[in-house]
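Have a look at the structure below, then the notes.
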Amino acid sequence: MDWRRTQMIFIVTLLILNLFLAVIYFNKQLSDDPDTIGNETLEERLKADNITYPNLSSKPTNGAIFTTERAAFTAKDVSDLSGQSITLKDNNKEIYSVLQTPIKAGKKGNSADFKKFMETEIYRSESYEFWDYDKEAKTLTFNQLINNNMVLFDEAGQITFYLDSNDQVVSYEQTWMSKQDDLKEKTNLMSAADALEAVYQHGELKQDSDVVSATFGYYTTVQLPSGNVYFPVWCFEVEHADKTNYILVNAKDEQVINQSDNQTTTTPVSELSSRQNVK
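Following this line, the structure appears as structure tokens:
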């Protein structure tokens, strides 16, 4: 027997086996390494979960934390509004109006007749912007603008138009927020792209979801004697399994709020909490 040849075959086989086991071990370490997983881009992770989203800016935005409160209307505020029967409710803090003649609105309030009505017969209409059309509730919602951005999910600064079966406006309710007082000067805030990554990291985006839109605005969860505290947020409209969800991200500290169940997924904002004792 050629022992030298047998020995060489054994050594080569052993080397191949060791190389094979080393490759398996290396691949396992690579897949288990969180630093390696973390090197995946947000785009790659979203694609892997089949999550679609619009083009989002990576440029930081800016905004300020402020207080404001629901204001009362005066008789003079509504005296020039025609073609409607107006009642001031809730200590004059809400306009309730019934139109004498219904007006065709369109799903986004974009009909010519409705636009003209908004411009001439709605109190400070330039300070409101279209937000939502609810087919089931038969309503159009316009949110008030503060610092040129919407106040979100707040009945204190909103117009709700009620529609008939032909999508014509028959009545509306309006509230108005007074001048705001900034608690801090405007600062640089996270971009829309960074906000979406925060939502993803907090596990709020399910597989096979569609991020329909991203809106920068203001939202409140803190009440003070001087008024509610509003902080800048990014709001994402997300569709999943034929349901629409709104997820908000504090643009300053990445606090995530699922508006659909009104629960936060992180601890409350420490900066805002400290403001609760301010007089």
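Letter 168 of the sequence shown, counting from 1, is numbered 209 in the working numbering, and no numbers are missing.
Just so you know, even glycine gets a beta-carbon here, dropped at the ideal spot from N, CA and C.
Note that this is a predicted model, so its numbers are computed, not measured.
In whole angstroms, give me the CA-to-CA distance for residue i and residue j.
i    : j    : result
A178 : V210 : 13 Å
E135 : A89  : 48 Å
T77  : A234 : Confidence is the limiting factor: at T77 the pLDDT is only 46, short of 50, which leaves the residue's position unreliable, though a coordinate-based value still follows. Their backbone Cα atoms lie some 21 Å apart in a straight line.
Y174 : T82  : 35 Å
H243 : D294 : 13 Å
D131 : N91  : 47 Å
T102 : G258 : 11 Å
N207 : S120 : 29 Å
F194 : Y260 : 7 Å
T142 : L224 : 44 Å
L97  : K247 : 19 Å
L122 : K176 : 28 Å
F202 : A112 : 20 Å
F277 : I288 : 5 Å
Identify every residue that forms a DSSP beta bridge with residue i.
i    : result
T93  : D251
S138 : I127 and Y213
G268 : L265
K293 : Answer by DSSP bridge pairing: none, since K293 is not bridged.
D222 : T108
G258 : M191 and V274
T285 : E280
F183 : F171 and I200
May I ask you to report which of helix, strand or coil DSSP gives residue i?
i    : result
D352 : What the structure shows of the chain is the stretch from 42 to 320, and residue 352 is not part of that stretch, so it cannot be assessed.
L246 : coil
Q300 : coil
L237 : helix
E85  : helix
P75  : The predicted position of P75 is uncertain, since its pLDDT is 49 and thus under 50; a value taken from the coordinates is nonetheless stated next. Helix.
Got a sec, what are the start and stop residues for the alpha helix (DSSP H) residue i sits in?
i    : result
T161 : A153 to E162
How many whole angstroms separate the CB atoms of residue i and residue j, which I take to be in contact at a CB cut-off of 8 Å?
i    : j    : result
V274 : N299 : Contact flag wrong, Cβ pair sits at about 12 Å.
M191 : W172 : 7 Å
I187 : T109 : 7 Å
N106 : V270 : The question names Asn, yet the displayed sequence has Ile at residue 106. The pair is a contact, with the Cβ atoms about 7 Å apart (cut-off 8 Å).
Considering residue i, what are the terminal residues of the beta strand (DSSP E) in which it resides?
i    : result
D175 : Y169 to D175
F202 : Q199 to L204
T228 : T228 to L230
Please determine whether the Cβ atom of residue i lies at a distance below 7 Å from any heavy atom of the ligand ATP.
i    : result
T256 : Among the ligands in the structure shown, none appear at all, so the ligand ATP cannot be discussed.
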